[in-house]
Every structure is written in C-alpha cells, then in structure tokens.
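In the numbering used here, the protein residues as written are 391 to 848.
Heads up, the beta-carbon is just placed ideally off N, CA and C, and yes, glycines get one too.
Because the structure is a prediction, the values reported are computed rather than measured.
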C-alpha cells in the first residue's frame, strides 16, 4: 500500500516503523526537519518537510497516488483540513484522522460523515486509553485486558506471583485447575524471551501468561492467578485532563472516585461535569494532600497527567504512602521498561494503544481488531474468513491442518455469538472470526497470505 503519514511524533514515527517493515510504500510529512532526519536514518521511507495542511506539501508527498492518508499531527484542525484536501484534491480512498478535542468528539456523528469532513476512520487516543484503563478496573490483578468481538472474547495478561495458584504447575494441568472453564493459553514470556508452549512447561514466578477467555470464565482465571483479590472500591485520579475527567465520569457510578487537579479553573469545570466524584484542588506531588485524602485507603491510584516525570513520581509517592496499586500513563517508551512491574503496577503506553487501533484499518484482509503487544513486537488480531473450501486455504479445514507459522496460533473462533476455544480438530467455517496471536511480526505476511480468498489456489 502507498500510505502517507502526516506527523512524525511518537505515534506517526512508530506507525511508520511498523508499516515500513511490511512492504508498504511509506511517506512521512512533518514541519520538523530534525524528526524527519531521525526517521530517515533508521527507516527505508520517504519524508517531506512542510505543513501537512498545505496542498502543495500533500502533492509533494505523493497524495495523488496514495491508497491511504493517516493524519496524526498534534493539531486536530490540521488533521481535519488534511483529510478534506485528501478527498477534494486527491481523492484518496481511505482517510484516517486522530482527533483529541472533546468539542469535536461530542458532535462526531455530524462532523465526520459523507458530505461533511471526510474522515473515514476517527481515532481518539484519549477514548482508547480511557477504555483500556476501565477494563483494568474490572479485573484486578490482570496486567492487560483487550477486547475482541465487542467484548465477547477477551485477551488477558497475568503475571505468575509467588502465591499464585499456577506456580509450579504445568500447562497440561490447566484443565484440572480450571474445571469447566473454557480458556486458551496463547503465549508465555519469561523475562523478554518467548517460551514455546508444551504440556510439560512449568509456570514459574515472574512468567507473563497471555490467555483468551470469555468474560464469564475470566473471573475464574483471575482467581487462579491472584486469588480472591479484593475488588477496587476507592480510586484516586491524579490529573483532571481529558483522560482523567473522562475516566472519572465512567467510574463514579461503580467506585468512590476522587480527582486531584492543580488548576482551580479546571477543577470547577470537572466538578460541573461529574455527579458523584469528589474533585480536589491540589498537587499530587505533595504528600500532605495525598495523606489528607486518605491515600492509605486507596485501592487504585491513577496518574494521568501529561507529564511523564510527574506521573512516575506521584505514583511512587502514592505507593509508598499506602496505595494498594498504582497505574501510570507514560508517553516516553524508554520509561516503560524502567517502571513497569517494579513499584508501578500498570504502565500504560497511549502510543501502543493508539497504534493497535490504527493497524486494524491497514492490515490486509478483513481485519476488525488489532492489539499491538510487547512494544510492538507481538500482535493479536481478529479477522473474518470468507469463501469456501475451494477458494480459501482456511474455510472447511481443521485448525491442525492449517500451515500456520510456528510463532502464530489461533486462540479462539467466534461463530455468530458463540465462542469456540481453538483445538486441533476445530473446523473453520465461512464468516468465522478468528483470534490470532503472533509472537513475532515476521509471521504476519504468511498469515495474511493464508487468509486470502481467490480462485486457483489449489
């Protein structure tokens, strides 16, 4: 595909890196020459310096021949104008825009449609991150929880602890440990290394296990990993920006929520938006404020400001002052490795969450959901299969018959509203949704080729 990416920030740069390794023709546009030089030094891509909202710059970037435009600059207005130009001047078939402003998102149905601003796919990082954090509040103990089929299937990540019910057991014993529970292990990581799954593989403390289950069965899986961990009751949110305010609105009906925000005027805005949550004007970096607001009784502390250093420091302070678990948004990928799983329980990367959402619209075939995992090295995706046993390499065949790469596996199959955990003798039917897990992006081309539909394959 010929793809023009507008914006060489963290999201644009990471997306360019991912897509350039998949035989795509990538051009990145940015007004910052330094960012573009850094990208060109390590990637085989084309770059154009200039404002992404200028027709001449878009023409220079090759928009006349582009298959897709991805507008992820830091300006909502530039992204919208670029999509309008892409439609009016260049007739680009697909246009993706990142929109952050709540004022725009509040009337998205009227703004982004045929006859208005021509955005085919709208990406809101704040909403995606809020969705992700809300998932974690429902499953205490899970490191990550990702949805497929609108929540009908979940991919959950757990770490084996010293007191975990899995410690010392083997993969083959999972059925006896979870009788009557439909669950599928799709990957296990020991440190940074992926460990091949087999029946005699023993679970050790520190192992990260990726499991697919339905919501009804995920509860039993959670208890096996972390025991009867107490549900969250008290949640404190540090930062009253778009994510903090949105999360508070989502959670205030189920939890006792407090929001701490340093700007008085923003405190008044948030207080008018919320019904039950308590809004406090103060700095989360001050121990006195945290102590006065009962940090030692907080079950989950969420650091959601725009400042990575402030988020990390306030999270460490909150944990040492008694917060049960702490969650931190970190925009700089280099920081994630330093804090994840140490003092901070959850390190959230908005960049990786946004990239996964974008990839769903770029992958070949009928891909409906993608989650970028392990800093983009692994991937879970949901795809719909079509055709019949004459036109498809997949339809009408058992899972064990498929020529899958060694680093890819099918975790679950969704047929209508029925979830089927994948086994070697499970037969695939047309219009099934397949949930793949790939421990390496190297297998992506092979999986895409396997899913192609057409005559003359056999």
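- C-alpha of residue 436 to C-alpha of residue 392: approximately 11 Å in a straight line.
- The residue from 536, 600, 740 and 422 with its alpha-carbon nearest to that of residue 548 is 600.
- CA-CA distance, residue 822 to residue 488, rounds to 30 Å.
- Beta-bridge pairing by DSSP links residue 578 to 599.
- Inter-residue distance for residue 476 and residue 811 is about 43 Å (C-alpha atoms, whole angstroms).
- Look at residue 550 here: in three-state DSSP terms it is coil, with no helix or strand label.
- For residue 537, DSSP records a beta bridge to 544.
- Between residue 538 and residue 714, the alpha-carbon positions lie close to 29 Å from each other.
- Here the alpha carbon of residue 625 sits roughly 10 Å from the alpha carbon of residue 644.
- In this structure residue 490 is in contact with residue 515, their Cβ atoms being roughly 7 Å apart against a cut-off of 8 Å.
- For the pair of segments examined, the region 826-835 was found not to touch the region 784-792: the number of CB pairs separated by less than 8 Å stays below three.
- Looking at the DSSP output, residue 736 sits in a beta bridge with 717.
- The distance from the Cβ of residue 664 to that of residue 692 is about 15 Å, inconsistent with a contact at the 8 Å cut-off.
- In this structure residue 408 is buried. Its beta-carbon is surrounded by 16 or more other beta-carbon atoms within 10 angstroms.
- Look at residue 480 here: in three-state DSSP terms it is coil, with no helix or strand label.
- Leaving aside the five residues that flank residue 442 on each side, the residues in its chain whose CB is nearer than 6 Å to its CB run, in chain order, 396, 419, 463, 468 and 472.
- Here residue 782 carries a strand assignment [DSSP, helix/strand/coil].
- It is roughly 43 Å from the alpha-carbon of residue 629 to the alpha-carbon of residue 569.
- With contact defined as three or more Cβ pairs closer than 8 Å, the region 745-761 and the region 795-812 are not in contact.
- Residue burial annotation: residue 564 is buried, with at least 16 other C-beta atoms found within 10 angstroms of its C-beta.
- Between residue 670 and residue 685, the gap from beta carbon to beta carbon reaches 8 Å or more.
- When secondary structure is reduced to three states using DSSP, residue 625 falls in the strand class.
- The residues 733, in chain order, have a CB closer than 7 Å to that of residue 706 in the same chain once the five nearest residues on each side in sequence are set aside.
- Per DSSP, residue 703 is one residue of the alpha helix (DSSP H) stretching across 698-710.
- Sorting 427, 622, 740 and 541 by C-alpha distance to the C-alpha of residue 696 places 740 at the top.
- Within the same chain, and ignoring the five residues on either side of residue 535 in sequence, the residues whose Cβ sits closer than 7 Å to its Cβ are 525, 526, 529, 544 and 546.
- The DSSP-derived three-state label of residue 658 is helix.
- Relative to the Cα of residue 614, the nearest Cα in the group 503, 553, 590 and 767 belongs to 553.
- If you look at residue 615, you'll find it in the alpha helix (DSSP H) that goes 605-616.
- Annotation for residue 610: 568 and 571 place their beta carbon closer than 7 Å to its own, counting only its chain and skipping 5 residues before and after.
- Inclusion of residue 461 and residue 486 in the CB contact set at 8 Å is warranted, their separation being smaller than that value.
- DSSP places residue 485 in the strand class (E or B) of the three-state scheme.
- With contacts defined as CB atoms closer than 8 Å, residue 781 and residue 843 qualify as a contacting pair.
- The distance from the Cβ of residue 621 to that of residue 602 is about 23 Å, inconsistent with a contact at the 8 Å cut-off.
- In the DSSP assignment, residue 648 falls within the beta strand (DSSP E) that extends over 646-651.
- For residue 637, no beta strand (DSSP E) encloses it; the enclosing alpha helix (DSSP H) starts and ends at 632-641.
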